[in-house]
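Chemist: Per our numbering, residue 43 is the first one in the sequence shown, and the count goes up by one each step.
For every residue, glycine included, the Cβ atom is placed at its ideal position computed from N, Cα and C.
As the structure is a computational prediction, the values presented were derived from the model and not from experiment.
My questions all concern the structure below.
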Amino acid sequence: MKRNVRSFFKFLILAGVTSAVTVLVFRFVRTPNLADSSVAQIVNERGGGAVPLPPEYENDVAVDNTKIDWHDYKFIAKESKRKGIGEHGKKEDILSSELKNYDKLYEENGFNAALSDKIALDRSLPDIRHKGCKTKKYLKNLPRVSVIVPFHNEHWSTLLRTVYSVINRSPQHLLHEIILVDDFSTKGKLLLLHSVI
Numbered sequence: 043m044k045r046n047v048r049s050f051f052k053f054l055i056l057a058g059v060t061s062a063v064t065v066l067v068f069r070f071v072r073t074p075n076l077a078d079s080s081v082a083q084i085v086n087e088r089g090g091g092a093v094p095l096p097p098e099y100e101n102d103v104a105v106d107n108t109k110i111d112w113h114d115y116k117f118i119a120k121e122s123k124r125k126g127i128g129e130h131g132k133k134e135d136i137l138s139s140e141l142k143n144y145d146k147l148y149e150e151n152g153f154n155a156a157l158s159d160k161i162a163l164d165r166s167l168p169d170i171r172h173k174g175c176k177t178k179k180y181l182k183n184l185p186r187v188s189v190i191v192p193f194h195n196e197h198w199s200t201l202l203r204t205v206y207s208v209i210n211r212s213p214q215h216l217l218h219e220i221i222l223v224d225d226f227s228t229k230g231k232l233l234l235l236h237s238v239i
């Protein structure tokens, strides 16, 4: 019984000390009383209740959250009318005998690179997005971007088709640059890439 009484008094003392410390902390941390004329004077001198932000952070405060539809409907309509090999991502049935260097290119790349060479670099693509994504709007003011394309021994036409696709399908004022990162390619044509682009 004596032990329970001691534990109870220890608890009461600990609770009292905790309450006293909490009251003291909140007394020093709480918001200043603006009724005090000296505090009100300091606030008025600063032009408001907060310290002004440095100039480099001014744009962070005034963010325009306006959203717009970024779709280029003229481009989409133009692409929907295109006809040709590989347009709209459709499968093509061309005999391997009709394609020059079919066997060599297939062995080198692991896909029908001879057919890839016959497809336009700026070919049209099907819209495979979910229907909810087609109506999605994005912020009006977006930062410019750099698109990084790493590659290793990529076939020439597929690499160039990637570059064309990024250029044609990105809003021009948002695309800062396209960086092609050659990961130690050994193909002769790719070694000349820096002189072409």
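With 16 as the cutoff for other CB atoms within 10 Å, does Glu-196 come out buried or exposed?
Modeler: Position 154 of the sequence shown holds residue 196. Glu-196 is buried by the Cβ-count criterion.
Chemist: Do you know whose CA, among Gly-128, Pro-168 and Leu-181, lies nearest Leu-157's CA?
Modeler: By one-based count along the sequence shown, residue 157 stands at place 115. When each option's Cα is compared against that of Leu-157, the closest is Gly-128.
Chemist: Checking 8 Å against the spacing of the C-beta atoms, do Asp-225 and His-194 come in under that value?
Modeler: Against the sequence shown, residue 225 aligns to sequence position 183. Against the sequence shown, residue 194 aligns to sequence position 152. Yes.
Chemist: First and last residue of the beta strand (DSSP E) that includes Ile-190?
Modeler: In the sequence shown, residue 190 corresponds to position 148, counting from 1. Start and end: 187-193.
Chemist: Alpha carbon to alpha carbon, what distance is there between Ile-161 and Gly-131?
Modeler: In the sequence shown, counting from the first residue as 1, residue 131 sits at position 89. In the sequence shown, counting from the first residue as 1, residue 161 sits at position 119. If I take the Cα positions, the gap works out to 10 Å.
Chemist: Quick check on Glu-150: buried or exposed, where buried means 16 or more other Cβ atoms within 10 Å of its Cβ?
Modeler: The residue labelled residue 150 in the question sits at position 108 within the sequence shown. Exposed: under 16 other Cβ atoms inside 10 Å.
Chemist: When burial is assigned at 16 or more other CB atoms within 10 Å of the CB, is Leu-76 buried or exposed?
Modeler: The residue you call residue 76 lines up with position 34 of the sequence shown. Residue placement at Leu-76 cannot be trusted, given a pLDDT of 48 that sits under 50; what the coordinates show is reported in the next sentence. Burial call: exposed.
Chemist: Residues in the same chain with beta-carbon distance under 6 Å from Asp-106, minus the five sequence neighbours each way, listed in chain order, please.
Modeler: Indexing the sequence shown from 1 puts residue 106 at position 64. Cβ within range, chain order: Asn-183.
Chemist: Excluding the 5 residues preceding and the 5 following Asn-210 in the sequence, name in chain order all residues of the same chain whose CB lies nearer than 7 Å to its CB.
Modeler: On the sequence shown, residue 210 is found 168 positions in, with the first residue counted as 1. These residues qualify, in order along the chain: Asp-164.
Chemist: Give me the residue from His-113, Ser-61, Thr-60 and Arg-124 with the minimum Cα distance to Pro-213.
Modeler: Taking the first residue of the sequence shown as position 1, residue 213 is located at position 171. Comparing Cα positions, the closest option is His-113.
Chemist: Taking DSSP as the reference, what is the three-state secondary structure of Glu-196?
Modeler: On the sequence shown, position 154 is the one that residue 196 refers to. Here Glu-196 sits in coil by DSSP.
Chemist: Taking the alpha-carbon of Lys-229 as reference, which of Thr-64, Lys-142, Leu-201 and Phe-117 has the nearest alpha-carbon?
Modeler: As a working mapping, residue 229 is identified with position 187 in the sequence shown. When only C-alpha atoms are compared, the closest one is Leu-201.
Chemist: Is the CB-CB distance between Ile-110 and Lys-179 below 8 Å?
Modeler: Mapped onto the sequence shown, residue 110 falls at position 68. Mapped onto the sequence shown, residue 179 falls at position 137. Result yes, Cβ atoms of Ile-110 and Lys-179 sit closer than 8 Å.
Chemist: Measuring straight from C-alpha to C-alpha, what distance separates Ser-166 and Glu-121?
Modeler: Working through the sequence shown from its first residue, we reach residue 166 at position 124. Working through the sequence shown from its first residue, we reach residue 121 at position 79. Going by the C-alpha atoms only, they are around 5 Å apart.
Chemist: Quick check: what's the CA-CA separation for Ser-227 versus Pro-192?
Modeler: Within the sequence shown, numbered from 1, the residue matching residue 227 stands at position 185. Within the sequence shown, numbered from 1, the residue matching residue 192 stands at position 150. Each residue's Cα considered, the two are about 11 Å apart.
Chemist: Roughly how many whole angstroms lie between the Cα atoms of Gly-174 and Ala-62?
Modeler: For the purposes of this step, residue 174 is taken as the residue at position 132 of the sequence shown. For the purposes of this step, residue 62 is taken as the residue at position 20 of the sequence shown. About 57 Å.
Chemist: I need the boundaries of the beta strand (DSSP E) containing Leu-222, first residue and last residue.
Modeler: Mapped onto the sequence shown, residue 222 falls at position 180. Its beta strand (DSSP E) spans residues 217-224.
Chemist: I'd like to check one pair, Val-187 with His-215: are the Cβ atoms closer than 8 Å?
Modeler: Translated into positions along the sequence shown, residue 215 becomes position 173. Translated into positions along the sequence shown, residue 187 becomes position 145. For His-215 and Val-187, no; Cβs fall outside 8 Å.
Chemist: Please list, in chain order, all residues of the same chain as Asn-143 whose beta carbon is under 8 Å from its beta carbon, the five residues on each side excluded.
Modeler: To locate residue 143, count along the sequence shown from 1; it is residue 101. Within the same chain, Asn-143 has close Cβ partners Ala-156.
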